């Protein structure tokens with residue numbers, strides 16, 4: 042690099058023309074502007090609250106909520122607002138987590154189906170994607186709620202599957218596992234199995250190092266753990282769990298697990314809507330790995346499974362994961378549409394709290410912080426997964 | 159000279175009436191030929207003549223729909239075992255290099271030996287490093303393909319194919335995607351490989367290389383072999399009009 046051109050000497054430039062000085066100046070001015078704006082908003086808010094006779098604190102959370110919540114963990118109207126909010130948080134988490142799992146599985150299936158060489162499968166998958174991603178989610182949720190779930194038979198004419206699952210217009214009833222007194226014995230088996238698995242994992246790792254070859258490190262640990270767990274299940278006197286079967290008593294089913302029609306409609310709506318986007322993400326990710334990569338892998342003699350695992354996926358997954366994360370975050374946030382069908386999620390419960398107490402700012406802040414924590418946790422987990430998966434194939 | 163001696167041996171590749179269609183398009187219209195062990199054949203012809211498709215059928219990157227292909231005594235059929243056997247015998251170098259971008263140059267080369275030939279990592283790395291030495295880029299072993307030039311990438315790709323210890327090497331226009339100043343470094347490697355006695359089928363437009371290295375030049379047009387001859391006869395005494403036209407056009411450059 043030569044340094045004798047006239048413009049390179051910075052000392053001679055007047056400061057109002059110096060790009061560096063100007064750049065720094067703009068940043069300082071911008072920051073001051075933002076601080077000023079926030080200060081104005083904050084004082085304005087405080088004076089507004091003052092004129093309403095409200096103080097900005099969270100003391101109201103200890104008061105009795107006094108309203109009922111139709112589903113979730115055990116809760117009574119005499120519990121506090123904090124407890125009520127927590128019920129809402131858990132309901133949102135429940136529908137989001139189950140929704141993310143379902144949307145991923147369905148999306149993966151349809152994404153791969155779109156790449157099928159079979160015309161019929163390919164076309165059905167394309168129709169699915171185009172149909173569900175182009176109709177507003179709110180409409181889809183209302184559709185599932187009013188046109189599908191509400192049209193299910195009544196309690197007396199419930200659809201029954203395998204004798205333990207009952208579906209009617211009051212919800213879906215599943216058998217639930219109830220722990221018995223012999224669960225502790227089985228937990229000891231599980232602990233022993235885990236110890237054995239850790240030991241075998243390390244042994245296998247050492248063996249692979251000695252063999253100087255790549256391989257599946259949990260090859261011994263995984264089956265060993267499963268065998269111990271299974272043996273423990275049968276060796277334990279009595280069973281660690283009994284199945285609590287739902288049974289018709291009076292006007293409704295009692296026992297087992299119940300998913301309400303609201304939960305079910307919301308879950309189906311969110312899963313199907315999001316799965317259409319995930320299908321597109323999966324398809325484009327796999328297609329982004331050029332044909333030449335597969336050909337080169339085959340020419341080297343890799344088998345189809347190896348080609349997919351060692352060549353295609355390590356290149357496709359880093360492309361799939363960032364938009365997939367966005368879809369997960371969308372699903373969690375879209376679950377606030379639960380308000381439309383009165384599923385008591387975070388926003389729905391928060392709304393009731395807000396109207397009852399008038400504490401708009403603390404409640405909205407709590408809702409926002411809750412979503413923020415959920416979203417940032419999801420992002421962090423997905424980033425970690427992305428880094429981990431790109432190391433495979435080395 | 160080598161070709162004449164080897165002509166008495168069994169051919170390592172035998173093709174009998176090989177046909178291939180892409181939907182309605184008849185790409186290969188009955189190719190019957192054979193290649194001897196150690197033979198260096200250059201395949202040329204206008205684009206769309208089926209020359210790339212032909213060598214791609216030899217390791218089943220393309221399926222042939224009629225005829226027989228026998229490679230080193232194994233017939234290429236829908237039998238997956240035969241396909242895998244043949245792919246281990248046949249190395250391939252592509253126009254676009256097709257290195258695996260998520261692996262280092264060294265890992266690109268060791269992938270096949272470790273996963274298919276079941277070598278240990280240390281053995282595979284030894285092989286890979288000596289091959290990188292041979293193609294003259296040992297210092298690039300721990301870089302990624304994106305960090306080296308096109309000519310260097312193509313040499314890594316050649317090393318990757320050689321690491322499987324193939325009996326036959328297929329080259330599908332190996333220099334067509336390269337900047338002019340990088341062509342010679344790749345041709346040098348191929349020349350060295352030719353002198354080592356490797357059976358080579360090269361689809362290329364590099365007529366200088368063809369004249370110097372090939373035992374036989376095959377001229378493809380519209381899915382058939384129009385003319386095949388030793389380089390001297392092919393260039394100085396072409397028999398067919400289309401061959402003459404092709405030679406006059408390519409030699410202008």
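Residue numbers (my numbering), protein chains in the order written: chain A, 42 to 435; chain B, 159 to 411. We put the CB at the ideal spot given by N, CA and C, even for glycine. The structure presented is a predicted model; accordingly, all values stated were derived computationally and were not measured.
Chain B residues whose Cβ lies nearer than 7 angstroms to that of residue i
i                      : result
residue 253 of chain A : 278, 279, 280
residue 493 of chain A : The structure shown does not extend to residue 493 of chain A, since chain A is modelled only from 42 through 435, so no value can be given for it.
residue 347 of chain A : 273
residue 355 of chain A : 260
Residue i burial status per 10 Å Cβ neighbour count (16 or more: buried)
i                      : result
residue 106 of chain A : buried
residue 407 of chain B : exposed
residue 122 of chain A : buried
residue 264 of chain A : exposed
residue 272 of chain A : exposed
residue 178 of chain B : buried
residue 43 of chain A  : Its pLDDT being 48, under 50, residue 43 of chain A is placed unreliably in this model, and the value from its coordinates should be taken loosely. So residue 43 of chain A ends up on the exposed side.
residue 424 of chain A : exposed
residue 64 of chain A  : exposed
residue 395 of chain B : exposed
residue 162 of chain B : Note that residue 162 of chain B scores 47 on pLDDT, short of 50, meaning its location in the model is unreliable; the coordinates nonetheless yield the value given after this. Counting Cβ neighbours within 10 Å, residue 162 of chain B comes out exposed, since fewer than 16 surround it.
residue 429 of chain A : exposed
residue 351 of chain A : buried
residue 235 of chain B : exposed
residue 86 of chain A  : exposed
residue 379 of chain A : buried
residue 102 of chain B : In the structure as shown, chain B begins at 159 and stops at 411. Residue 102 of chain B is therefore absent and cannot be evaluated.
residue 399 of chain B : exposed
residue 61 of chain A  : exposed
residue 89 of chain A  : exposed
residue 232 of chain A : exposed
Short Cβ contact (8 angstroms threshold) for residue i with residue j
i                      : j                      : result
residue 204 of chain B : residue 404 of chain B : yes
residue 93 of chain A  : residue 114 of chain A : no
residue 193 of chain B : residue 201 of chain B : no
residue 218 of chain B : residue 239 of chain B : no
residue 317 of chain B : residue 252 of chain B : no
residue 152 of chain A : residue 311 of chain A : no
residue 299 of chain A : residue 212 of chain A : yes
residue 321 of chain B : residue 285 of chain B : yes
residue 303 of chain B : residue 266 of chain B : yes
residue 292 of chain A : residue 410 of chain A : no
residue 326 of chain B : residue 220 of chain B : no
residue 223 of chain A : residue 280 of chain A : yes
residue 126 of chain A : residue 398 of chain A : no
residue 250 of chain B : residue 330 of chain B : yes
residue 266 of chain A : residue 288 of chain A : no
9 angstroms Cβ cut-off: residues of chain B touching residue i
i                      : result
residue 181 of chain A : Neighbours of residue 181 of chain A on chain B: none; closest Cβ ~38 angstroms, over 9 angstroms.
Partners in chain A for residue i, counting only beta-carbon separations shorter than 9 angstroms
i                      : result
residue 252 of chain B : 333, 336, 337, 340
residue 217 of chain B : 339, 340
Proximal chain A residues relative to residue i, where beta-carbon distance stays under 7 angstroms
i                      : result
residue 313 of chain B : None at all; the shortest Cβ gap to chain A is about 15 angstroms.
residue 269 of chain B : 341, 351
residue 407 of chain B : None at all; the shortest Cβ gap to chain A is about 28 angstroms.
residue 246 of chain B : 342
residue 322 of chain B : 341, 342
residue 318 of chain B : 341
Chain-ordered neighbours of residue i on chain A, where CB pairs are closer than 8 angstroms
i                      : result
residue 412 of chain B : Any property of residue 412 of chain B remains undetermined from this structure, which presents chain B solely from 159 to 411.
Report task. Would you mind listing the alpha helix (DSSP H) stretches within the region 278 to 351 of chain B that are 4+ residues and don't spill past its ends, in chain order? Result -> Within the region 278 to 351 of chain B, the runs of alpha helix (DSSP H) at least 4 residues long that lie entirely inside it are, in chain order, 279 to 292, 308 to 320.
Query raised in the report: If we count Cβ pairs, one from each stretch, closer than 8 angstroms, do we get three or more for the region 184 to 192 of chain A versus the region 298 to 312 of chain A?
Result: Yes, since at least three Cβ pairs between the region 184 to 192 of chain A and the region 298 to 312 of chain A fall closer than 8 angstroms, the two stretches touch.
Query - Inside the region 180 to 218 of chain A only - beta strand (DSSP E) runs reaching at least 3 residues - result: Every beta strand (DSSP E) of 3 residues or more that sits fully in the region 180 to 218 of chain A is shown, in chain order, as 200 to 202, 206 to 209, 212 to 215.
Query raised in the report: Are the region 182 to 192 of chain B and the region 374 to 388 of chain B touching by the rule of at least three beta carbon pairs closer than 8 angstroms?
Result: Contact holds: three or more Cβ-Cβ distances are below 8 angstroms.
Report task. Can you check the region 90 to 158 of chain A for any alpha helix (DSSP H) of at least 4 residues that lies completely inside it and give the ranges in chain order? Result -> The region 90 to 158 of chain A contains these whole alpha helix (DSSP H) runs: 122 to 154.
Report task. Inspect the CB distances between the region 400 to 414 of chain A and the region 164 to 179 of chain A and report whether three or more fall short of 8 angstroms. Result -> With a cut-off of 8 angstroms, the region 164 to 179 of chain A and the region 400 to 414 of chain A do not count as touching, because too few Cβ pairs lie within range.
Query - Minimum length 3: unbroken beta strand (DSSP E) runs contained in the region 270 to 313 of chain A - result: The region 270 to 313 of chain A contains these whole beta strand (DSSP E) runs: 282 to 285, 288 to 290, 293 to 295, 298 to 300.
**Report entry** Contact the region 330 to 337 of chain A vs the region 243 to 259 of chain A: 3+ CB pairs below 8 angstroms
**Finding:** When Cβ pairs closer than 8 angstroms are counted between the two stretches, the region 330 to 337 of chain A is seen not to touch the region 243 to 259 of chain A, the count staying below three.
Report task. Could you tell me whether the region 207 to 224 of chain A touches the region 289 to 303 of chain A, where touching means 3 or more Cβ pairs closer than 8 angstroms? Result -> Touching, yes.
Report task. Count the C-beta pairs between the region 315 to 325 of chain A and the region 147 to 163 of chain A that are closer than 8 angstroms, then say yes if the count reaches three, no if not. Result -> Touching, yes.
**Report entry** Touch test, the region 367 to 383 of chain A against the region 293 to 302 of chain B, Cβ-Cβ under 8 angstroms, three pairs minimum
**Finding:** Between the region 367 to 383 of chain A and the region 293 to 302 of chain B, the count of Cβ pairs shorter than 8 angstroms is below three; the stretches do not touch.
**Report entry** Segment contact, 8 angstroms Cβ cut-off, at least three pairs: the region 271 to 283 of chain B with the region 360 to 367 of chain A
**Finding:** With a cut-off of 8 angstroms, the region 360 to 367 of chain A and the region 271 to 283 of chain B do not count as touching, because too few Cβ pairs lie within range.
Query - Inter-stretch contact at 8 angstroms, needing at least 3 Cβ pairs: the region 62 to 82 of chain A / the region 95 to 106 of chain A - result: Flag = no, the region 62 to 82 of chain A and the region 95 to 106 of chain A do not touch.
Query raised in the report: Can you list, in chain order, the stretches of the beta strand (DSSP E) that have 3 or more residues and sit fully within the region 167 to 242 of chain B?
Result: Runs of the beta strand (DSSP E) inside the region 167 to 242 of chain B: 169 to 180, 183 to 194, 198 to 202, 224 to 229.
**Report entry** Start-end ranges of the alpha helix (DSSP H) lying completely within the region 386 to 418 of chain A, minimum 4 residues
**Finding:** Counting only runs of at least 4 residues, the region 386 to 418 of chain A fully encloses the following alpha helix (DSSP H) elements, listed from N- to C-terminal order: 387 to 398.
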